[in-house]
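Asker:
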Amino acid sequence: MLPPFAVTPLYAALCGLLLLVLGLVVVRLRRKHAVLTGDGGNADLARAMRVQANFVEYVPLTLLLLFMLEMSRQPVWALHLLGAALFIGRLLHAWGYLLTPRLSFGRALGIGLTWIVLGVTSIWLLLVVLQRYAAMPPA
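Heads up, the sequence shown is in this note's numbering, so the first residue is 3 and it goes up one at a time.
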């Protein structure tokens, strides 16, 4: 049996490492093109910055939703499925977007997985909350 709250920390750690890698990609391109702030008009740097920013826009809230589901004692297998889908989605998105400025299979599948996980965790948590409110005795 897993210790309490063992699912979300795993995916938070994996996502943290991925964010670190994405940050290093940006730094490498900044050094390569001698750009201290902004993107300096460099398309590769701008794309790397968007990959990193897109990650930061979606991952924190999705992990928070996953953690709230874990705190409400939802099935561990389902939480792992969602956490893995989020991490794989972010990997695919980064890989697909960094390789080409055009829409690619990796980029599309990656953002699709991210949206699915965000949507499923949001709706699932809302249902959990509504169910618990419905089960409360009248005041």
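The C-beta atom is built at its ideal place from N, Cα and C for all residues, glycine as well.
Keep in mind that this is a model prediction, so the values were computed, not measured.
What would DSSP say about S124, mapped onto helix, strand or coil?
Answerer: It is helical.
Asker: From which residue to which residue does the alpha helix (DSSP H) around L38 run?
Answerer: Element bounds for L38: n/a, residue is neither H nor E.
Asker: Where does P11 fall in DSSP's three states?
Answerer: DSSP places P11 in helix when its eight states are reduced to three.
Asker: Look at the Cβ atom of L81, then the Cβ atom of E72, and state whether they are nearer than 7 Å.
Answerer: Going by C-beta atoms, L81 is nearer than 7 Å to E72.
Asker: Using the Cβ count rule (16 or more neighbours within 10 Å means buried), how would you classify I113?
Answerer: Buried, by the Cβ-count rule.
Asker: Run the CB neighbour count on G108, radius 10 Å, all protein chains shown included, and call it buried at 16 or more, exposed below.
Answerer: With 16 or more other Cβ atoms within 10 Å, it is buried.
Asker: I'd like to know whether the C-beta atoms of L16 and F89 end up nearer to each other than 7 Å.
Answerer: Yes, the pair counts as a contact, with Cβ atoms nearer than the cut-off.
Asker: Return the CA-CA distance between L101 and K34, expressed in angstroms with no decimal places.
Answerer: Computed Cα separation, rounded: 17 Å.
Asker: Can the beta-carbon of F57 be found less than 7 Å from the beta-carbon of L105?
Answerer: Not closer than 7 Å, so no.
Asker: L24: which of L38, G43 and R52 sits nearest, CA to CA?
Answerer: Answer by Cα proximity: R52.
Asker: Alpha helix (DSSP H) containing P62: first to last residue?
Answerer: Counting along the chain, the alpha helix (DSSP H) containing P62 begins and ends at A45 to M73.
Asker: Buried or exposed for Q54, please, with buried defined as at least 16 other CB atoms from any protein chain shown within 10 angstroms of its CB.
Answerer: Answer is buried; the Cβ neighbour count reaches 16.
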